[in-house]
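Quick note, the sequence shown lines up with residues 9 to 463 if you use full-length UniProt numbering.
Ideal Cβ positions, reconstructed from N, Cα and C, are used throughout, including at glycine.
Reviewing the structure listed below.
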Amino acid sequence: RFEGIAMAPPDPILGVSEAFRADTDVKKLNLGVGAYRTEELQPYVLDVVKKAENLMLERGENKEYLPIEGLAAFNKVTAELLFGADNPVIKQQKVATIQGLSGTGSLRLAAAFIERYFPGAQVLISSPTWGNHKNIFNDARVPWSEYRYYDPKTVGLDFEGMISDIKAAPEGSFVLLHGCAHNPTGIDPTPEQWEKISDVIQEKNHIPFFDVAYQGFASGSLDADASSVRLFAARGMELLIAQSYSKNLGLYAERIGAINVVCSTADAAARCEDIDCTLSRDMEEMVVKSVRLVSDVWNITHYLLLISWCPLVNLCCNWDSVKGVLVKSQLKRIARPMYSNPPVHGARIVANVVGDPALFNEWKAEMEMMAGRIKNVRQKLFDSLSAKDKSGKDWSFILKQIGMFSFTGLNKTQSESMTNKWHVYLTKDGRISLAGLSLAKCEYLADAIIDSYHN
Ligand code: PMP
Numbered sequence: 009r010f011e012g013i014a015m016a017p018p019d020p021i022l023g024v025s026e027a028f029r030a031d032t033d034v035k036k037l038n039l040g041v042g043a044y045r046t047e048e049l050q051p052y053v054l055d056v057v058k059k060a061e062n063l064m065l066e067r068g069e070n071k072e073y074l075p076i077e078g079l080a081a082f083n084k085v086t087a088e089l090l091f092g093a094d095n096p097v098i099k100q101q102k103v104a105t106i107q108g109l110s111g112t113g114s115l116r117l118a119a120a121f122i123e124r125y126f127p128g129a130q131v132l133i134s135s136p137t138w139g140n141h142k143n144i145f146n147d148a149r150v151p152w153s154e155y156r157y158y159d160p161k162t163v164g165l166d167f168e169g170m171i172s173d174i175k176a177a178p179e180g181s182f183v184l185l186h187g188c189a190h191n192p193t194g195i196d197p198t199p200e201q202w203e204k205i206s207d208v209i210q211e212k213n214h215i216p217f218f219d220v221a222y223q224g225f226a227s228g229s230l231d232a233d234a235s236s237v238r239l240f241a242a243r244g245m246e247l248l249i250a251q252s253y254s255k256n257l258g259l260y261a262e263r264i265g266a267i268n269v270v271c272s273t274a275d276a277a278a279r280c281e282d283i284d285c286t287l288s289r290d291m292e293e294m295v296v297k298s299v300r301l302v303s304d305v306w307n308i309t310h311y312l313l314l315i316s317w318c319p320l321v322n323l324c325c326n327w328d329s330v331k332g333v334l335v336k337s338q339l340k341r342i343a344r345p346m347y348s349n350p351p352v353h354g355a356r357i358v359a360n361v362v363g364d365p366a367l368f369n370e371w372k373a374e375m376e377m378m379a380g381r382i383k384n385v386r387q388k389l390f391d392s393l394s395a396k397d398k399s400g401k402d403w404s405f406i407l408k409q410i411g412m413f414s415f416t417g418l419n420k421t422q423s424e425s426m427t428n429k430w431h432v433y434l435t436k437d438g439r440i441s442l443a444g445l446s447l448a449k450c451e452y453l454a455d456a457i458i459d460s461y462h463n
């Protein structure tokens, strides 16, 4: 009976917005949830989104169900946006993509996939990480442990700690990495550090699992923000990548994202170069087609059996694309009883914007504008803190962090003082969303931070 159900605790991030709404003070400021606001602190719908929606109306698009894997045009452009259309993993059809319910739903799907096909494998997550990661893996019954990431002493990356924890994890673990603009710290590895991270992951036979929720939002460049993922892909590694369009296209409520799986066989590339593949191309196509036909009743064990029993076919085929078909079929099988098929509206918006060169360029300009506003606010907050704080504390870490957030270093009690005394709402780990801050409010926020920090 329902009498026995206890009250659930409020969500640490979305609960902040609930508390904000209940506050009647005019000075109140919501820096809890990561959503972009204008300088007037109003929500923002991108012009390119409105244009894409107008196009959709003009075309009179219908509302029929999508296939389980989502909108084909969306899946194509989203993988291309992530890897670059010319990337060999795209050209060689190594990527299996299915549309997901934004970043969260895509991560959840991947978690269910891990639970089903890699029983007992653990996911390593950064300490700290976005609060929902732990919920997602807990609910999917995937064991997780943490690797060191944030060093409070330097307010920077604990790179040695990170590397040694990844090294110490059992072989074949999944390593969850934030593709760019790490949430909540705003601290990303340098390109050299990414190289070293991929070295250890490769040595240990781990599987990298990227969460890309801020492509284009960290630096303002879509390509630069995908460079971590592309580095791993270029090394021929198998990868999982969850994508979200909540932030970079402002499609928070449309729930649009994807899960991509890069399938790779260590010697696949070499094999294709070595053999004259005229005959094998036909054969490959035939195998891919037949696998696609029966894939719904197959599973990965059957696929492995087939590989081991068919050395000739194995030699001549692009097995990565076969693998992709199988993986995709299993992701669909997981999605079907969860939500049947994904929503179409956001998928069409993305397909229209990314797939149309003019809209795509406009989007890039709008994203640069948004990223630029956040950078200006970051600078102003730093200037205000430095000017007002007479203690000599070095606030330059704020400028080094990137993306939507700043990790202020405020502890739980100090964060509570920010809210109770100053009506500034933030998560209890001291994270503030600069996307919800205006230039006009920087001085007030600096007063609140200094007061809470020193008292
Ligand atoms: N991952 C990270 C690191 C995030 O910060 C977010 C959004 N806050 C998400 C995933 C997912 O967001 P959504 O489900 O809205 O795409």
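Restricting attention to M15, V432, Y461, G265, the CA atom closest to the CA of G78 is found in G265.
Around the Cβ of Y73, a 10 Å sphere holds fewer than 16 other Cβ atoms; the residue is exposed. Residue state for N95 is assigned as coil, using DSSP reduced to three classes. Per DSSP, G265 is not a residue of any alpha helix (DSSP H); the beta strand (DSSP E) it occupies stretches across 264-270. By the C-beta criterion, the region 84-96 is judged to be in contact with the region 237-251, since at least 3 inter-stretch pairs fall below 8 Å. Just measuring C-alpha positions, the residue of N62, A81, Y253 sitting nearest S110 is Y253. In this structure, the beta-carbon distance from I267 to L445 does not fall below 7 Å.
Around the CB of I440, 16 or more other CB atoms lie within 10 Å, so the residue is classed as buried. Between the alpha carbons of R156 and K255 lies a gap of roughly 26 Å. With a beta-carbon spacing of about 17 Å, D219 and S227 fall beyond the 8 Å limit used to define contacts. Between A104 and A148, the C-beta spacing is not below 7 Å. P75 has its alpha-carbon roughly 6 Å from the corresponding atom of N349.
Burial of N360 is indicated by the presence of at least 16 other C-beta atoms within 10 angstroms of its C-beta. The straight-line gap separating the alpha-carbon atoms of Y158 and R9 is approximately 44 Å.
Between the alpha carbons of Y433 and N38 lies a gap of roughly 5 Å. Rounded to whole angstroms, the gap between the alpha carbons of E168 and I249 is 25 Å. For R439, the enclosing beta strand (DSSP E) stretches over residues 439-441. In the DSSP assignment, I133 falls within the unbroken beta strand (DSSP E) covering 131-135.
DSSP assignment within the region 144-207 yields the following whole beta strand (DSSP E) runs of 3 residues or more, N-terminal first: 152-156, 182-186.
K204 and R45 have their alpha carbons spaced roughly 36 Å apart. Per the coordinates, the alpha-carbon of H214 lies some 41 Å from the alpha-carbon of A27.
Residue pairing by DSSP puts Y433 in a beta bridge opposite N38. Closest option to K99, judged by alpha-carbon separation, among G128, S329, P51, K408: S329. DSSP places V53 in the coil class of the three-state scheme, outside both helix and strand. Only exposed fits M377, as fewer than 16 other CB atoms lie within 10 angstroms of its CB. Counting the other CB atoms within 10 Å of its CB gives R344 a total below 16, which places it among the exposed residues. In this structure, the CA atom of V270 is about 26 Å from the CA atom of K372. The alpha helix (DSSP H) runs of length 4 or more contained entirely in the region 374-433 are, from start to end of the chain, 405-408, 420-430. For T105, the uninterrupted beta strand (DSSP E) segment begins and ends at 103-109. Excluding sequence positions up to five before and after V97, its CB lies within less than 6 Å of the CB of F91, V103, A241, V270, all in the same chain and listed in chain order. For I357, the enclosing alpha helix (DSSP H) begins and ends at 353-363. Per DSSP, A250 is one residue of the beta strand (DSSP E) stretching across 247-252. In the three-state DSSP reduction, I215 falls in the strand class (E or B). Under the DSSP assignment, D233 falls in the alpha helix (DSSP H) whose first and last residues are 230-233. Annotation: A221 to A261 spans about 14 Å, alpha carbon to alpha carbon.
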